[in-house]
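Residue numbers (the working numbering), protein chains in the order written: chain A, 361 to 666; chain B, 2 to 206.
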C-alpha cells in the first residue's frame, strides 16, 4: 500500500476510535471540556512537587513571568472549576487534548484523553471509572493490565518518616529497588511496611495474605478497600486488575485509589489516574475528585496493530 | 508466549554474569557463545542479546529487552526510568574523586577542574559540596588528565585503586558504592512478573 493510502487509513482509524470513545462518554452524560494551553511555572511546580522541572516546556511571557506549555490537564481543569464551584455540585467531564513535555529529542507532544468525576466522594466514582477503563481497554485483553493501589494507605504507612526520607523511600519504591527500600525502613517494625512488595497480585491472593498479618488499622483499611473493589466489579473487570500497594505516582496529589495501565506492546504505562481530593484543596476548598487519563495516540496505534 | 528477552553486557561484567546464570540454573544455553549477538534458549523460553553496557539501559527502557544487567554507575549517569530489581553484588567498585596527593577539593571561590566519563554524577556530587566545577568530559584514560594538566582531579570508578596508584593518583574522597544490577521496565515487569521473580530467586541461591 502506498504511503499516502497508509496515512489515510490511519487517519480513518484514528477518527473512528476517537469518535467511538467520545460517543461512549456522551452517552454516559460526560461533558467535554477544553483546557488552557498555558500554566504558571511556579504555581504548577507547587501543585506537582514530584515532576521533574527539566521535563517541562517553559517560556517567558511578555510580563517576564515563566510559563509552561501544559504538561498536564487535570490541574488546569481543577483551577478553572474551582473559581466557580458551588457546594453539592457534581460534574462528569472528559477532555481530548495535547500535552507537552521536554526531552533530549526536543518537545514531545502527547494526545491525552482524560475522564474526571468531580464532587462525588462515594466509592461509586471509583467503580464507574474502573468500569469505563474496562470498557475502553478490554478489546486488548489479555495484553492490558490495570495496576491498582492506594496512595492514602501508602502515605499513612510512611507518615512517621521525615519529608526528605519519604521522597527517598518513594523513589526506591517507584524503581522497585527492594534493597534500598529495606535499608531505608530497616528500623521500622510495621509488618505492612516490611512486606510492602508482597502486597501485589490479584485481589483474592492479597486479601488472603493480609489475613496472615498481625492486625492493625492500616491492614483493616486496606483489606476493606480491596473487599469493596471485589464486591463492586464483575469477574471480567476484576480479571484485568493487579493490586499493588507499592504503586507510586509522580503526582503527589493522589489521596486514595491510584491506578496505572499497561499494554504489553508499549514500553511505558499508557494510563494513569486516581482520587485527588488533595489537589482541589490547593485551590482553597477541598472538593472530591477522581480521574484517569491515557495516551490516545498509543491507544490508536494499538488498534491499528490489531 | 514470547521469550523473555535478557540483555547481557559484553566485556568483563558479562563474563562474570554468564557463569552465575548457568550455576543458578537460569539457562543452560550459554556454553559456547563466541561472537554471537543473540542466543535463544527455547527450553527456558529465554532470548539473550549481547550489548555494550551503555546500550543496555536504552534497550530495556524502550522495551526491546525485558530485563538487563548493568552497573549502578551507568544507571546513575543515565537516570532513565527503569526498575532496579536486584543487586547482584558483583562488579563491586566505588565512585571516587581522585588526584595528586594533597590536592584541595574544596577551593571556595576558585573553580575546580574535574575530568570524568560521568559528568552528571560529578556535577551532582560537587553541587552537594557547594564547589563550583568545570567538567572535562572524557571517554577513557581519565587518569592521565591531572598528569597533563587537563584537570585538577578526576571522578571515576575504582575497584582496587591499582590503576590510580600506577598513575600517581590517590583517592581524595569516596563517593558511592557501585555494583551490577538487574533492571527492567514497568511494562515488562507487569507481564513477566513470575518469570522475572523466578530468575531473581534463582540468582539469590
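We treat Cβ as the ideally placed atom computed from N, Cα and C, and that holds for glycine. Since we're looking at a predicted model, the values are computed, not measured.
With a Cβ-Cβ cutoff of 8 Å, do residue i and residue j count as a contact?
i: residue 504 of chain A; j: residue 379 of chain A; result: no
i: residue 165 of chain B; j: residue 172 of chain B; result: yes
i: residue 629 of chain A; j: residue 480 of chain A; result: no
i: residue 86 of chain B; j: residue 18 of chain B; result: no
i: residue 500 of chain A; j: residue 382 of chain A; result: no
i: residue 616 of chain A; j: residue 634 of chain A; result: yes
i: residue 41 of chain B; j: residue 48 of chain B; result: yes
i: residue 490 of chain A; j: residue 391 of chain A; result: no
i: residue 105 of chain B; j: residue 507 of chain A; result: no
i: residue 478 of chain A; j: residue 429 of chain A; result: no
i: residue 116 of chain B; j: residue 143 of chain B; result: yes
i: residue 188 of chain B; j: residue 627 of chain A; result: yes
i: residue 54 of chain B; j: residue 7 of chain B; result: no
i: residue 434 of chain A; j: residue 651 of chain A; result: yes
i: residue 426 of chain A; j: residue 418 of chain A; result: yes
i: residue 604 of chain A; j: residue 665 of chain A; result: no
i: residue 56 of chain B; j: residue 182 of chain B; result: no
i: residue 614 of chain A; j: residue 511 of chain A; result: yes
i: residue 148 of chain B; j: residue 168 of chain B; result: yes
i: residue 21 of chain B; j: residue 170 of chain B; result: no
i: residue 186 of chain B; j: residue 64 of chain B; result: yes
i: residue 456 of chain A; j: residue 656 of chain A; result: yes
i: residue 102 of chain B; j: residue 132 of chain B; result: no
i: residue 384 of chain A; j: residue 495 of chain A; result: yes
i: residue 526 of chain A; j: residue 552 of chain A; result: no
i: residue 30 of chain B; j: residue 50 of chain B; result: no
i: residue 113 of chain B; j: residue 145 of chain B; result: no
i: residue 601 of chain A; j: residue 583 of chain A; result: no
i: residue 563 of chain A; j: residue 598 of chain A; result: yes
i: residue 206 of chain B; j: residue 25 of chain B; result: yes
i: residue 487 of chain A; j: residue 631 of chain A; result: no
i: residue 58 of chain B; j: residue 79 of chain B; result: yes
Would DSSP call residue i helix, strand or coil?
i: residue 516 of chain A; result: helix
i: residue 646 of chain A; result: coil
i: residue 88 of chain B; result: strand
i: residue 385 of chain A; result: helix
i: residue 455 of chain A; result: strand
i: residue 117 of chain B; result: strand
i: residue 380 of chain A; result: helix
i: residue 542 of chain A; result: helix
i: residue 524 of chain A; result: helix
i: residue 199 of chain B; result: helix
i: residue 486 of chain A; result: helix
i: residue 507 of chain A; result: strand
i: residue 553 of chain A; result: helix
i: residue 587 of chain A; result: helix
i: residue 450 of chain A; result: coil
i: residue 531 of chain A; result: helix
i: residue 171 of chain B; result: strand
i: residue 574 of chain A; result: coil
i: residue 10 of chain B; result: strand
i: residue 475 of chain A; result: strand
i: residue 391 of chain A; result: strand
i: residue 1 of chain B; result: This structure does not reach residue 1 of chain B, given that chain B is present from 2 up to 206, and the question cannot be answered.
i: residue 366 of chain A; result: helix
i: residue 206 of chain B; result: coil
i: residue 165 of chain B; result: helix
i: residue 408 of chain A; result: coil
With DSSP as the reference, please indicate the residues paired to residue i in a beta bridge.
i: residue 96 of chain B; result: B/158 and B/177
i: residue 460 of chain A; result: A/469
i: residue 398 of chain A; result: A/429
i: residue 560 of chain A; result: A/604
i: residue 185 of chain B; result: B/68 and B/84
i: residue 419 of chain A; result: A/427
i: residue 5 of chain B; result: B/47
i: residue 619 of chain A; result: A/508 and A/633
For the pair the segment 401-412 of chain A and the segment 471-491 of chain A, tell me if three or more CB-CB distances fall below 8 Å. Flag = no, the segment 401-412 of chain A and the segment 471-491 of chain A do not touch.
Count Cβ pairs between the segment 121-140 of chain B and the segment 560-571 of chain A that sit closer than 8 Å; are there 3 or more? no
At 4 residues or longer, and completely inside the segment 22-76 of chain B: list those alpha helix (DSSP H) runs for me, N to C. 54-62
The segment 92-103 of chain B touching the segment 174-184 of chain B, judged by at least three CB pairs closer than 8 Å: yes
Counting Cβ pairs closer than 8 Å, one from the segment 449-468 of chain A and one from the segment 393-404 of chain A, do we hit at least three? yes
Would you list, in sequence order, the uninterrupted alpha helix (DSSP H) runs of no fewer than 4 residues that lie entirely inside the segment 119-158 of chain B? The segment 119-158 of chain B is shown to contain whole alpha helix (DSSP H) runs of 4 or more residues at 120-129 and 145-148, in chain order.
Ordered list of beta strand (DSSP E) runs contained in the segment 621-665 of chain A, each at least 3 residues: 631-635 and 649-655
Determine contact between the segment 133-152 of chain B and the segment 72-80 of chain B, defined as no fewer than three beta-carbon pairs at a distance below 8 Å. no
Touch check for the segment 550-570 of chain A and the segment 517-533 of chain A: three-plus C-beta pairs under 8 Å? Contact between the segment 550-570 of chain A and the segment 517-533 of chain A is present: 3 or more CB-CB pairs across the two stretches fall below 8 Å.
What are the residues in the segment 54-68 of chain B lying within 7 Å of chain C by C-beta distance? This model lacks chain C altogether, as its protein chains are A and B.
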